[in-house]
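Just add 51 to wherever you are in the sequence shown, counting from 1, and you've got the working numbering. Input: a single structure, listed below in structure tokens.
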Amino acid sequence: MKQEVENAARALREIFPATPLQLNDHLSARYGATVYLKREDLSPVRSYKIRGAFNFFRKALAAGAAGKTFVCASAGNHAQGFAFVCRHFGVPGVVFMPVTTPQQKIDKTRMFGGEFITIRLVGDIFDQCYQAARDHVETIAGVMVPPFDHADIIEGQATVAAEIAEQLPGGVIPDLVALPVGGGGLSAGVTGYLADTVSTDRFVFCEPAGAPSLKRSLEIGSVVTLDQVDNFVDGAAVARVGDLTFAALAAFAPEQVMLLPENAICLTIIDMLNVEGVVLEPAGALSITALEILGRERLEGKTVVAVVSGGNFDFERLPDVKERAMRHAGLKKYFILRMAQRPGALRDFLNLLGDEDDIARFEYLKKSARNFGSVLIGIETKHAENFPALKARFDAAGLRYQDITENEILANLVI
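The structure is reproduced here in structure tokens:
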């Protein structure tokens, strides 16, 4: 396998140089570790997906696929890599994308593919979109380019590992390799290439909590199709890992898969943007979020490699990301209050707030009784420890309230 992967890496050099493996001082200092980031967000399409697509195309064209139409299904990153490679080789392609795909990714796909591609938006989640693409490719006798579950795709993604091995300082073997997981193509390729040098217990697989397809499959011992997924981490929200990718990862323990809360991922995005000036999409922030969950106690003194898988972030999502980040950090909470309908009631409530507390939202929901009303209130503060003191003042004042910050069903209805 190694020789084929290294051949693929050399072939890739005709379209872009190796992405950097950067020592990150900020994260290294935070965890007392040596933290390297493999910056796949710096590829021409701002994700690693171009690798697998290029490798698939070069092999398919060499095998006689010239003249056929290539087809793919993607939540965005595979589509961009596919489109870039279609234009590079001058072959026609049809891209199927979920209707929920961020507009930024749709526009970038059009830009990379130019006149060589057609985009079709189908379905709310990736798996519906994928089925539509499979039906289309059979109708036109085209060539399906899978996003992850194909040997040539896995081999292309494995070039990430070939570059890491070459870029690490001489003789250094990482103590931990953190890999983001969607369909599993990157993880299958990287673990396969590094199998001779990095022991299996040193890998951590990073999945969004709302799409735990690999973890559930490892727990059961066979590929599981999830009934539903949370699409927030759109680049990794896959309901079913690939059969080939699962076979490559089946020997790993379920405990090696970390399920990362979407709000924690948002905090990573904000932190990396504010401190490092690095723009990450939710899937691209998975591996760094895993380091935060592991913490200094488990990372101190270790050499860590975290693959940053993508930077295709739609800035229209930034307000939502900031909101989620603040909630995860404990700096913003939402309450439903039962407030008396009398003069001075609001002033009495305001007097309960601390010097660092600020009202971010205030809305009457309904009058639950003649003399009382239900109020939705959002409060921001500078330090998370301010909220226990605020709740204590609510209690002392006899204020009836409910903290709905972590109540996803209720919060989604009223916030």
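Cβ coordinates follow ideal geometry from the N, Cα and C atoms, glycine included. This structure is a prediction, so every number in the text was calculated from the model and none was measured.
Within a 10 Å sphere around the beta-carbon of R109 sit 16 or more other beta-carbons, which makes this residue buried. Residue pairing by DSSP puts S98 in a beta bridge opposite G361. The DSSP-derived three-state label of P143 is coil. A straight-line Cα-Cα distance of about 28 Å links V122 and K53. D158 and R97 have their alpha carbons spaced roughly 14 Å apart.
Taking C-alpha positions only, D178 is separated from L403 by approximately 50 Å.
In terms of Cβ geometry, E258 and V308 form a close pair [threshold 8 Å]. Per DSSP, Q392 lies in no alpha helix (DSSP H) segment and is marked neither H nor E. H129 is positioned such that its CB atom lies no closer than 8 Å to that of I66. Residue range 85 to 90 is occupied by the beta strand (DSSP E) that includes K89, with no alpha helix (DSSP H) assigned at that position.
Contact between the segment 355 to 364 and the segment 84 to 95 is present: three or more C-beta pairs spanning the two stretches fall below 8 Å.
Bridge pairing for R451: R389 [DSSP]. Here A124 carries a strand assignment [DSSP, helix/strand/coil]. Excluding the 5 residues flanking it on each side, L230 has same chain C-beta neighbours closer than 8 Å at L237, S238, V241, T242, F254, V255, F256, C257, S338, V358, in chain order. In the structure shown, A411 falls within a strand segment according to DSSP collapsed to helix, strand and coil.
For I430, the enclosing beta strand (DSSP E) begins and ends at 423 to 432. Separation of A104 and V136 (C-alpha to C-alpha, rounded to the nearest whole angstrom) is 7 Å. A direct Cα-Cα distance of roughly 27 Å separates A336 from E57.
Put simply, the segment 192 to 208 touches the segment 291 to 310. At least three CB pairs are less than 8 Å apart. Sixteen is the threshold: since fewer than 16 other Cβ atoms of the shown chains lie within 10 Å of the Cβ of Q453, the residue is exposed.
Residue burial is scored here from C-beta neighbours: K383 has at least 16 other C-beta atoms within 10 angstroms and is therefore classed as buried. For the pair of segments examined, the segment 432 to 444 was found to touch the segment 376 to 392: the number of CB pairs separated by less than 8 Å reaches three. Assigned with DSSP and collapsed to three states, L219 falls in coil, not helix or strand. Within the segment 256 to 319, the complete alpha helix (DSSP H) segments at least 4 residues long are 264 to 271, 294 to 300, listed from N- to C-terminus.
Distance from the Cα of S79 is smallest, within the candidate group E166, E348, A334, for E348. Taking the C-beta atoms as reference points, A302 is found no nearer than 8 Å to T354. In the structure shown, V355 adopts extended strand secondary structure according to DSSP, grouped into three states.
Look at P439 here: in three-state DSSP terms it is helix. For V56, the enclosing alpha helix (DSSP H) has its first and last residue at 53 to 63. Between E313 and R375 a beta carbon distance of about 7 Å is seen, short of the 8 Å cut, so the two are scored as contacting. Taking 8 Å as the upper bound for CB-CB distance, V249 and V232 are not in contact here, some 17 Å apart.
For the 8 Å CB-CB criterion, Q182 and K156 do not form a contact. If you draw a 10 Å sphere on the C-beta of Q208, you find 16 or more other C-beta atoms in it, and that means buried. Looking at the DSSP output, M195 sits in a beta bridge with V122. For A229, there is no enclosing alpha helix (DSSP H); the residue is part of the beta strand (DSSP E) that begins and ends at 227 to 231. In the structure shown, the three-state DSSP call for I204 is helix.
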